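Notes to accompany the following structure.
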Amino acid sequence: MWMVIRRKVLFRGLCLWGTLMLGLTALAYFRSPPAAETAAAYRPETVYIIDPGHGGEDGGAVAADGTVESGVNLAIALRLREVLRFCGCPCVMTREEDVSIYSPGCETLRQKKASDLKNRVALVNGQEGAILVSVHQNCLPSVPTVHGAQVFYNRAEGAETLAQSVQETLNQAANPEKGKAPARISDTIYLTKNVTAPAVLIECGFLSNPQETKKLKTADYQRTLAAAMAAGLLRVAGEGSP
Ligand SMILES: [Zn+2]
Numbered sequence: 108m109w110m111v112i113r114r115k116v117l118f119r120g121l122c123l124w125g126t127l128m129l130g131l132t133a134l135a136y137f138r139s140p141p142a143a144e145t146a147a148a149y150r151p152e153t154v155y156i157i158d159p160g161h162g163g164e165d166g167g168a169v170a171a172d173g174t175v176e177s178g179v180n181l182a183i184a185l186r187l188r189e190v191l192r193f194c195g196c197p198c199v200m201t202r203e204e205d206v207s208i209y210s211p212g213c214e215t216l217r218q219k220k221a222s223d224l225k226n227r228v229a230l231v232n233g234q235e236g237a238i239l240v241s242v243h244q245n246c247l248p249s250v251p252t253v254h255g256a257q258v259f260y261n262r263a264e265g266a267e268t269l270a271q272s273v274q275e276t277l278n279q280a281a282n283p284e285k286g287k288a289p290a291r292i293s294d295t296i297y298l299t300k301n302v303t304a305p306a307v308l309i310e311c312g313f314l315s316n317p318q319e320t321k322k323l324k325t326a327d328y329q330r331t332l333a334a335a336m337a338a339g340l341l342r343v344a345g346e347g348s349p
């Protein structure tokens, strides 16, 4: 019994220590502006809406080993919230469990998916000062060697700057051998097209790549990705834009 309690205390201590280290890593990337600039640029109303893509009946992409995208998205998104909260940033999650957030009355999968996305849009558009960070995993089964993290951005003002910053920190953390460039997101993506806030959609890695899938499932790599994302986001906030 005591052994169990002691183990629990030790485990909690390790978790806290991990969070502290992650936060410090993110803060190390964060360039503080001079005091005068801070006063003008400080935007206390910025709220990060963290969106783990898919959920519930909509699992998203599925790896060859059966790993489902929605679960990986949620694990990374929760770790991102942990780091951002540690840095004092208000965060809202679109979902915190393996669920789809459709409204009552939907019957078909298609109706549920449409309602879910509509509700995610409403959540973002109803939040003043929102910045949307949507977390996804990529999949390209025709080229299983393709790997790495890439950031996409919507047409809202400030989104491209955010994407460039997050891509830069992700290139250091996840694409060390060859960096990727951020790209404008297609207007066929309902969520990022319909939100008025600056939005970045982060494809953390490829579930079509077995080695990368293995990595994406580890707590260590999820923490690395979360810290890099937070660092990229906070650098832009420190510069007073968007
Ligand atoms: Zn996805």
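For the sequence shown, position 34 (counting from the first letter as 1) is numbered 141 according to this note's numbering, and the numbering increases by one without interruption.
Glycine residues also receive a C-beta, built at the ideal position from the N, C-alpha and C atoms.
Because the structure is a prediction, the values reported are computed rather than measured.
Any non-hydrogen atom of ligand 1 closer than 7 angstroms to residue i Cβ
i	result
Ala168	yes
Gln244	yes
Gly160	yes
Glu176	yes
For residue i, the nearest candidate out of the options (CA to CA)
i	options	result
Lys220	Gln244, Gly236, Gly166	Gly166
Val169	Phe313, Gly339, Ala326, Lys322	Phe313
Ile157	Ile309, Cys213, Lys324, Thr331	Ile309
Arg342	Thr276, Ala306, Thr303, Leu298	Thr276
Ala270	Ala306, Tyr155, Asn232, Leu224	Ala306
Gly286	Asp294, Gly255, Ser293, Ala171	Gly255
Cys196	Ile238, Leu224, Ser222, Gly163	Ile238
Glu264	Ala304, Arg291, Asp294	Ala304
Glu152	Gly162, Glu235, Ala184, Val199	Glu235
Asn180	Cys198, Leu247, Ser241	Ser241
Glu203	Asn261, Ala335, Ala338, Ile183	Ile183
Gly162	Ala171, Ser315, Asp223	Asp223
Gly178	Ala335, Lys300, Ala334, Gln329	Gln329
Pro317	Ala171, Asp205, Tyr209	Ala171
Val250	Ile296, Ser315, Thr299	Ser315
Asn243	Gly212, Asn226, Ser272, Ile296	According to the sequence displayed, residue 243 carries His and not Asn. Measuring from the Cα of His243, the nearest candidate turns out to be Ile296.
Asp205	Leu332, Gly160, Glu214, Phe193	Gly160
Ala344	Pro211, Gly212, Ala266	Ala266
Inter-residue CB distance, residue i and residue j (contact presumed, cutoff 8 angstroms)
i	j	result
Thr174	Thr268	Contact flag wrong, Cβ pair sits at about 33 angstroms.
Asn261	Val302	7 angstroms
Assigned secondary structure, residue i (DSSP; H/G/I helix, E/B strand, else coil)
i	result
Gln257	strand
Asn232	helix
Val190	helix
Val179	helix
Asp223	helix
Thr331	helix
Ala146	Because the pLDDT of Ala146 is 48, which lies under 50, any placement of that residue in the model is unreliable, and the number read from its coordinates should be weighed accordingly. Looking at Ala146 - three-state DSSP - the assignment turns out to be helix.
Arg291	strand
Val343	helix
Ser210	coil
Ser241	strand
Arg138	Per-residue confidence for Arg138 stands at a pLDDT of 47, beneath the threshold of 50, marking its modelled position as unreliable; the derived number appears in the next sentence. Reduced to three states, the DSSP call for Arg138 is coil.
Val273	helix
Pro159	strand
Leu314	coil
Leu185	helix
Leu216	helix
Nonlocal neighbours in the same chain, by C-beta distance under 7 angstroms from residue i, ignoring five residues either side
i	result
Arg188	Ile157, Cys198, Met200
Gln218	none
Ser207	Gly162, Gly163, Glu164, Asp165, Lys219, Asp223
Val258	Ala270, Val273, Gln274, Leu277, Pro289, Val307, Ile309
Ile292	Phe259, Tyr260, Asn261, Thr299, Leu308
Proximal residues to residue i (C-beta, below 6 angstroms), its chain only, five neighbours per side dropped
i	result
Leu191	Tyr155, Cys198, Ala337
Ala142	Residue placement at Ala142 is flagged as unreliable, the pLDDT there being 46, under the threshold of 50; the coordinate-derived value follows with that caveat. No residues qualify anywhere along the chain.
Val253	Leu247, Phe313
Tyr209	Lys219, Ser222, Asp223
Asn245	Glu310, Phe313
Cutoff 8 angstroms; reference residue i; Cβ partners in own chain excluding five residues on either side
i	result
Leu216	Glu164, Asp165
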